[in-house]
Structures are given as C-alpha cells and as structure tokens.
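Engineer: One structure, pasted below without further comment.
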C-alpha cells in the first residue's frame, strides 16, 4: 500500500497536471496517476493530517487481489463478528454515530448503471487511536482492501488519479476513492457483501442507477442488505455540483478545449463552473440522457438517445472482435473513419454549395460499406474509428439541437463514455463550436462518470443527519 | 399497363438480364409524341419522365340548326390532351430502356434531357450516346422539393399516415389548400432535413449522417447480407431485445419517475459488448433498424419543434414503399413528440426527383399553371412493386411502376363556400377502413361490369373493333378491382367515388368516351316534350301544393316508390323557399332526361321567379348518364325557346350555366373549375343545392358549407339504404343552415324519411 501510494505521488509530482492525450491511455487507471495531489498535500492546510505515512499500516499486499480471494480472506472475520464482543462494539458505534448525527462507517455511494458500477468510498483519515481500536475487524478490512489496492478482481478498478484528498464530509476528514467494475460482476459483488457479513455493519447502502432497482432483491435476499434507492438524475446533479464546489484537489474540476476547430492547436484548458445555471447536462453512459438544469433541484430531462457508449462498444465488439472499451478506443485511435464513411465530397466531388455543406463533412456514416469491395478491404481500426465518430457526432448533434431549443449556451458532457476518450471530447467540442458558430461551449469534468455515485453518498450523509 | 410489365419480366428476375424483352408499348406509352425528357437515377432505381400528347376520342354534342328529331347531334371526335408519364425501373434495365426510347422516339425536337440523382453522372455518357440528347444536370434537392410541391398540389390523397396495427394501414390526408410550410426529411444514404416555405423558398436546416447508407453499410458488415431490401426483410423477422439494452435490463422494470417504460431501448447494441454468444442476423438487423429510425425520428422532431412545423413528410430510399421503415419512423415520431407531430409519407415519393427535374425542363410550358389529375388507368398505384404487400407478384426485380397524370382542361380550386377547406373530406364512406363496405362495393362493381361492357359496345354500333376494345376495358377494370381488393390503398382512400372514377378512366383509356350518349339523347328528347305541360300544371297549383310538386319533381327521375309518409316528411325542408328570396343559388345537377328537364328546370324557374339568381353546375366531361355542360347548354336553349321565364333568366344573365371541372358521377368540392368559384363569389351565392346519390350521398353528405345548403337524393341501393337505417328508395333531403345564420324555418334537422 505504501509502495503503491508513494509511486502514485511521485508520478503525480512529476506530471502535476496529467492530461490523457488519447495515445497513452492504456493502463491509465491503475498506474498513471494524476491530479496534482502532490502539490495539494504539501500546500493544503489539512495536508499534514493525511500523508502516506499516516495511512493504515499492515497492508495485506499489493494489487491483484480478486473479489473471490477477498471472499476467502474474510471467511474468518465472519465467525469473529458473530461473537458477542463484536456485537457490543457495533452497538456502541451506532449510538456514537447517532450522537454525532453522522452515519456509521463505511460510507459508500453506489451508482449501478447498465454497463458499469461506480462506487465511491470515503476513507476517513482522521481516525483516532480509540476509534482505530474500536473499529470492527471487517470494517477495517474493507478499508484496507479498498485503499491498498488499485484493482479488484479481474475487472474492478480504482481510478487513483481521481481520488479527492483531504476532504471534509460530515465533519470527518478523509479521501474519496473512485472505483468501478462491470455491472456483470454485480452478483459476485453482492455475494462478497454477504460473505463479509456487510449487513452486520448496519450501514445504509445508498444506491442509484437502474441497478439499484434491478438488484434490490438480490441485495436483500443474498446479503441481507437494504438499499436506499435514489433517483439517478437527482444524484448526478447533486454529485456534480458538489465535486465542482470542493474542486479537484485545489484545481478546477471543469475544463474545455481551446481551438476545437484545429487539431494541432486544440488544447485542454481548465475553467471554473461558476454560476453554472442554466446548463445542458449530457450524460453519456450506455445510453444518453440530456437534462436542462436550472438549479440544483430544478431540472428536466429533455430527451435521451439509445446511441451511447454501449452502442459504441457493442458495435465495436461485433465489428472488430475487441472485448473492452480500452481496446476499442485503442483501435479507434489508429483508424481513419473516412475509409468507412461517405463524405460530401465523395458524392458531390467537393462542397455541396447549394446548402453550404463542406466536402469534408460526413454525408453517410458507414456509407462506403454499401460496397462489397470496400467492405472486404476495410481495417478493424477504421471501423472502430468510424463507430466512435458516428456515435459521438450524433450525440453532439442532438445535444446542440436541445441547447438551441432550450436556449441554453453551456453544454456539460459527463459519463464514462468520455473516459480516456479525448477523440470524442474534441469532436464534441468542435461540433458545439462549429454548428453554433461559437455560441455554444462544450464543457467537460474530470470525474466524468462518478457524479451519480457521489450524489448517492451525499444522500447517505444527508439522511442520517436528521433522524 | 404496368401489370404486364411485371408479368413479362418476372421470369427474368434476379438474373439482371439486360436483354429482356420489355412490353414496351405498355410501359413507354405515347412515346411518339414524347418531349421534354427528364431522368432521375438513384442508387438502384431509375425514374424517367416525359411529356406527351394523347389522342383520344371525346363525345361532343352539337345543336342542329333546325328544331326536330333528334334533339342534337352526337359525335365522337379526336382530341389531344397532355399527359405526363413517369416510369420507374431498376437501373439494370437502363440500357434496354434507352434503346427502346431511341427506336421509338419519332422526333420531337427534343435536344436536352434533364437529369438528377446520384447516378446521373455515372450514366451521363450512356444517355448522351444512346439518345443523342444533351444531359443537363439539375440539383437533386431542388428537384425533390419541386416534385414534392407538385404532387401535394395535384394529387388528392397523396400524403398518408402509416399505422401498422390499425384496420387500415394507410390513412390518407386531405390536401390542405395551402401546402406550405412543411418539413421534408429525405432519408437517402444520409439524411437531409429541408424546410419548405413556398414554391421557390426552401432551406436545408439540418441533417444527419446516420441514414439509409448507415443501415445498409453497417447492416452488410454485421449480417453479411448485401442487398438493402434483404436487410429489411431480415429486420422484419428479428427481435431487437436480444441485442439492445432495454430500460428493463438496467432497471429490472420501468424507470417510473421519468415515465420510461421497460421496453424502451436504453442503449442500442448495448448487449453485444458483453454477450458471450453471437446474435442472429435478424436480431442485429432489427436492432440496427430501430437505432437508425429512432435517431432520424428524434432529429426530425427536434427540427420540427425548433421551426414550429407540424407537417413532416418523409422520403428517400430508406422509406420508399417499405412498411417496415414507415412503421419504425412513425413509432419514433409518435414517441418523441407524444403524438403532436404525425409522420407523413407520400404515395409517389419515388417520383419526386424525376417530376422536379421534368418541371425544371418544362418551365416554358409552365406546367404549374394547370391542374393535373392522376390517371388511375395508367398508374400502378402504391406498393405495386412491394413483394410483401402483394404476394401475387413475387418478383422484386424487373418490375416497372408507372404514374400518369393528365392535364386537366380547367384549373381546379376550392368551392369558396366550404366552411373549412382544410378539414373537408368529399367522401362519405372510406372503404379502406371499412372492410364490409369495401367487400360490398367491390363485388357490386364487379357484377356491374358486364352491363358496362355491353353498354360501351352498344354506344359504338358502327365500329367493329369496339367489341375487342370493350374486352380490353373489361380486363383492365377487373384487374384494377382485383388490385384494390388486395391493396385498397393503392390510389389513396378507396371510395365509391374512386371506383367510379377508375371506371371512367378505364373507359376513356379504351376510347369509350361516353357510352350513355345515345340514351341521354333519347331521354332528353322525350322529357323536353313534356316540359311545357309540366310547367303549366305546376302553375295551376296553389303555392303550397306547388312546393310539394317541385320537390317531388327534383326527385322524380329516380323515384318509383313514393310513399305518402315520405312526401309529408320532406315537405318541411321544401319550405326553404318560403322566406325572403335567396340572392343566388348554386345547383349541382345530376342526370339527363326527366331529372334535369322536368325536375330541376321547374325548380330553377321557381327560384328565378322569386328573384333568386341561379347557377347551374354540370359536369365538364361525361360520366354515366349525368348531363354534361355541353348537353345542358343545348337543353337550356331549347327550354328557353318554350319558356319566357328561363329565356329572361338567360337574357338578363340571372341564369348561368357553368361547368364543374369534373368528369365524375361524384363531386369533390375542393377541386372545382376556377370559373365556377369566381361566379359563386361574384354572385354572393347563399344557397347550394346538391342533387343525386353520387354528389349528395356518396360524397358531400357530411360536407359543411358556409351558407344554406340542400342535399337531396333517392337511395337506389338497398345495401346503402340499410346501412343508413332506411329502405330502398328512401329519400335524403338534408337541409342545413350553418351555425350563426338565421334559418328559414326552425326545423333545420336533416330528415331521412323511410
């Protein structure tokens, strides 16, 4: 754990503001870290309360621990927890928490989407010695397990670079960790909750996203856990505004692309989301939801489209045989969509002047693929790129129409489709700028896919404050 | 006769044999006089347009200089009328077709062929070489819009709403008098969204690269299926839920707070990233179809909303004649607008480009100054090439589809007295939606066919080949009836009127312009002999008795079973002549003979005597035994010679004869002669009388006028009588006063006595 962290810190220090450039995306989540945390730690007032040295000791080892292995690991704990000293301990913890009007640890917020589960975990770093002593074993092991690993099982990942450090929530100081794993792994996750006897911790598990409804029964019957189900759009907005407010370890959460029209000089620029309303919020997960947000509690879902991240990955898998999002993006980064798409100039020989259409505009996505010859000679990379461009441009086009219809000039794109996906972000930035003649600006957020989970966590802290 | 084209070429389908023998005289008709060619070459279909003149017989009547027997002379003269031909065929036949045209084009001074469509440049050289015409390219979108304006303006029931699960899949729209503004969503390989504000003003306001090409290209990659319509066939058999991530896959059910049902697609192809097994081609094609249709529908709605447009027409090869795509697009539009916007489709959508290119080339003839009418005899009708719609014609390739439009002699406009022209529907019963009624009338027309054939032959006793022509007519019309049985929507809403009109078109097609001419002549002659006597006896009656007799007279030509009850019931509306006289009455007349001479004329006489001006509207061309304008001119002159009241009316211009602009036994008040409309307006017409089954019952029974109106007929069809809750020979006497206008009498309720 210490090793891992120091490595992270070093990397972070050497590249204080890491930007994915779309080329070196592979493996970004476990190792390449991120986010100016070094400077934050040294400069911030609370930095001294939290450092690599104050982390919980006795690491159970590096990464590579799977959910399954964890489940074996905690078999022993289960038996121990059922003993009466533990029971007493739990009771005390609960009363104390209520007294402090604060929910008992652990603090989780969960967003169970169609493809990914997003989990945020608040790791308290201001634990007193007394607390440390009283902390039940399985709670401790959860904390250790989550904070000392960057990967869980084959598919769970902690986005270390997104970690929010030294955060004060509900009077406690700690780090907010961002973890994701495929929704397909949900049954195993629930099983783990059962095996760890999670229900004994008497925490409220706040969950949002469709899976909160879909898996509610499984949580109850398999792990004896009751979910507090929350609306995903409420959570999304609340989480987004919160993260923007607390900032990304002292840096702006929000950014945009300067010179989106020019690939050479197009660069990422941080910016603030001051006076954020009204904003058009485009959440690109498996599918897409588009919201017009007028204040934290006043918003409407304008529309949505089923052509989203799930469509990109699904089509890529069918067309190229790839298996992961990272793989699909990697291929797309090397491809050329103009071998797949029919451009205006392919049809008209140049610009279609009568309608002011540039020759380089896409006239028909996958249009070249109507021809057998071209189908036979096309590369997987080109197909992946065309899929990415098609889906992205379509989202851009719908978002732009909604912005015009709703008379909103600020368009914020979030969702995990944008993770390590600079190609799409730049395309969206360009599309907003070009078609609106500079009227619209596309904004992006560093914690792109995690706001729902953060919003769910905040609900946890809110509900228990007024019992 | 496109049907022959299909039959002949079906044997060579799929082989794309370019040396097929066309039944060319059936397909490329009237080529000898053809001029002003235009061609629209798309990705798979070629549409050819040309203008020709057609010589056919018309019945003419001419008054003899002397009085005597017979009343007037009937002759059948050759007349030349203008016709537009549009033919659609697969690109594979383009060379054969060009050869045929070259061989049969007897020079017309044509030097140029207008061309549009994506394939125009590809075949430019071939066309120029084969035809010796210079290819003149026209902008695709401009042609499309021009064509669209043209069909919307000239073809009633051009636009329709598609409802897959309704009793009638096609719900045809009445043509709005003002066709602008509208949104045209053209789904070719990409999508263009065009806002059309007037004939010349249109703008591409948006588009999308996800269109028909995406369905085809991506579909071919995913399913290894090459042809577009094969992909559609696959899609129609598939289940998208195995490929798409639905709301219920994420939520386990619906997303209640947003009103998103579980069936809704949350992520297209969302399951294909995680599934460990492959998908069927059908399922993938279906998922793709939904994805693309929904996306286009959504964009169309966003643009419609932004520009505040409610009329949205869809076209392009993605739509063309494919129920599958019409259904998914309709579904999408309904979903995204919550029913506020309807997806509209066009019967002749495939021809728009060719029509537009043709119009561009024919600007000096100014085709837009005329009214045009679809010729039912020469047009194939909707879905004639769609295999799933017509299992009898299994051939997909090698089919020829045709549209012919006749230039009408007169420009047609709305009757100014229609209360709400945009909601006016001429026809009383839509047989497309009423299967029972459809079956009855189709059988009825089939059974009557022998009689019509006999009558047609009898009308040309001195022409030996009339029998042969009459048999051709029989075949043609029977085939039309068979087609309509399978595809009731082929020519728009199926109505008694369209069945009658189709028969008239087919009779004309085989040069039987007026089978009833001799009968009409005889009956007119007879009735005239009784005119003076009838008028005299009417004059001797008391005022009230006379009203009885006049009403009876109007119906007399038809009435045999004239019960006392009916008479007394119909008396009330007869009192409409009791109050202050009307300014001007417009009378749509029906039959020749007793009806017009002994029924209508005495009534006209009474109106004139009361100081009411009268406009008599009769058919421009013959239909059944209806009196034509030509005949009525002669009859009125004759009557004027006997009757000073009529004579004075004519002399003082208080009795006017106008033509309706129609050659149908029925009446479409939204397509009337412009002159008629003008006269009606000038004379401040405040009473409209519509007479006869065809005009007052099959059509216009529910028509609402802005002035007083009287619809009167005798129901001579027992099935219809029963349908309307009466008996055979019931009398319809429907007197209506528009809301807000003082009635002549309190009782203005329609009476349908039995």
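Chains as they are written, first to last, in the working numbering: chain B, 21 to 487; chain G, -15 to 738.
Where a beta carbon is used, it is the ideal one built from N, C-alpha and C, also for glycine.
1. Sort B/124, B/464, B/335 by Cα distance to residue 259 of chain G and report the nearest one.
2. What three-state label does DSSP hand residue 198 of chain B in the structure shown?
3. Check each candidate in G/566, G/196, G/565 and name the one with the smallest Cα separation from residue 174 of chain G.
4. Have a look at residue 169 of chain G and residue 314 of chain G and give me their C-alpha separation to the nearest angstrom.
5. Can you pull the chain G residues whose beta carbon is under 7 Å from the beta carbon of residue 317 of chain B, in chain order?
6. Which one or two residues does DSSP pair with residue 259 of chain G in a beta bridge?
7. Closest to residue 307 of chain G by C-alpha separation, out of G/238, G/244, G/144, G/337, would be which residue?
8. Residue 383 of chain B versus chain G: which residues are under 7 Å apart at the beta carbon?
9. So, at 6 Å on beta carbons, what are the nonlocal neighbours of residue 74 of chain B in its own chain, with the 5 sequence-adjacent residues on each side left out?
10. Indicate the three-state DSSP secondary structure (helix, strand or coil) for residue 133 of chain G in the structure shown.
11. Pop quiz: residue 463 of chain B and residue 165 of chain B are said to be a contact at Cβ under 8 Å. What is the actual Cβ separation, rounded to whole angstroms?
12. Spatial neighbours of residue 482 of chain B within its chain, please: C-beta separation below 8 Å, excluding the five flanking residues on both sides.
13. Chain B beta carbons: is any one of them nearer than 7 Å to that of residue 230 of chain G?
14. List the residues that DSSP assigns as beta-bridge partners of residue 166 of chain G.
15. Is the CB of residue 258 of chain G under 7 Å away from at least one CB in chain B?
16. Taking only the alpha-carbon atoms, compute the straight-line gap between residue 47 of chain G and residue 62 of chain G and give it to the nearest angstrom.
17. What does residue 247 of chain B reach in chain G if we use C-beta pairs closer than 9 Å?
18. Could you pull the DSSP bridge partners for residue 313 of chain B from this structure?
19. Suppose contacts are defined by Cβ-Cβ distances below 7 Å. Is residue 432 of chain B in contact with residue 452 of chain B by that definition?
20. Would a C-beta distance cut-off of 7 Å place residue 294 of chain G and residue 325 of chain G closer than the cut-off?
21. Classify residue 297 of chain G: buried if its beta carbon has 16 or more other beta carbons within 10 angstroms, exposed otherwise.
22. Alpha carbon to alpha carbon, how far is residue 21 of chain G from residue 569 of chain G?
23. Can you check whether the CB of residue 182 of chain G is closer than 7 Å to the CB of residue 164 of chain G?
24. Against residue 242 of chain G, what residues of chain B qualify as contacts under a CB-to-CB distance less than 7 Å, listed in chain order?
25. Show which residues of chain B have a CB atom less than 8 Å away from the CB atom of residue 282 of chain G.
26. Select from B/124, B/182, B/176 the residue whose C-alpha is nearest the C-alpha of residue 155 of chain B.
27. So residue 178 of chain G and residue 189 of chain G are in contact, right, with Cβ under 8 Å, and what is the actual spacing, rounded?
28. List the DSSP bridge partners of residue 127 of chain B.
29. Measuring straight from C-alpha to C-alpha, what distance separates residue 746 of chain G and residue 305 of chain G?
30. Could you tell me whether the stretch 588 to 604 of chain G touches the stretch 655 to 665 of chain G, where touching means 3 or more Cβ pairs closer than 8 Å?
31. Could you check where the alpha helix (DSSP H) with residue 568 of chain G kicks off and where it finishes?
32. Applying the 10 Å Cβ sphere with the 16-neighbour rule, what's the burial state of residue 550 of chain G?
33. Between the beta-carbon of residue 293 of chain B and the beta-carbon of residue 312 of chain B, is there less than 7 Å?
34. Look at residue 713 of chain G and residue 698 of chain G and say whether their C-beta atoms are less than 7 Å apart.
35. Taking CB distances under 7 Å as the criterion, tell me whether residue 331 of chain B reaches chain G.
36. For residue 56 of chain B, does the three-state DSSP call read helix, strand or coil?
Structural biologist: By the coordinates alone:
1. Here the closest residue by C-alpha is B/335.
2. strand
3. G/196
4. Roughly 13 Å between the two C-alpha positions.
5. Under the 7 Å cutoff, chain G gives no residues; its nearest Cβ is about 14 Å from residue 317 of chain B.
6. For residue 259 of chain G, which the question treats as bridged, DSSP gives no partner whatsoever.
7. G/144
8. Close partners of residue 383 of chain B in chain G (Cβ separation under 7 Å): 173, 174, 193.
9. Low confidence applies to residue 74 of chain B: its pLDDT is 31, below 50, so where it sits in the model is not reliable, and the reading given next is rough at best. There are no such residues.
10. Helix, per DSSP.
11. In this structure residue 463 of chain B does not touch residue 165 of chain B by the C-beta definition: roughly 35 Å separates them, more than the 8 Å allowed.
12. none
13. no
14. DSSP, once it has assigned bridges, lists G/180 as partnering residue 166 of chain G.
15. Yes, because at least one Cβ of chain B sits closer than 7 Å to the Cβ of residue 258 of chain G.
16. 19 Å
17. Neighbours of residue 247 of chain B across chain G, judged by C-beta separation under 9 Å, do not exist; the nearest C-beta is about 12 Å away.
18. B/299, B/319
19. No, these two residues do not count as a Cβ contact at 7 Å.
20. yes
21. Burial check for residue 297 of chain G: the Cβ neighbour count within 10 Å reaches 16 or more, so the residue is buried.
22. 46 Å
23. yes
24. 321
25. 323, 325, 418
26. B/124
27. Confirmed, about 7 Å.
28. B/142
29. With chain G covering only -15 through 738, there is no way to say anything about residue 746 of chain G.
30. yes
31. Not the alpha helix (DSSP H): residue 568 of chain G falls in the beta strand (DSSP E), residues 568 to 572.
32. Unreliable placement is indicated for residue 550 of chain G, whose pLDDT of 43 sits below 50; the coordinate value is still reported in the next sentence. Buried.
33. no
34. yes
35. yes
36. Because residue 56 of chain B carries a pLDDT of 33, less than 50, the predicted location of this residue cannot be relied on, and no value is offered for it.
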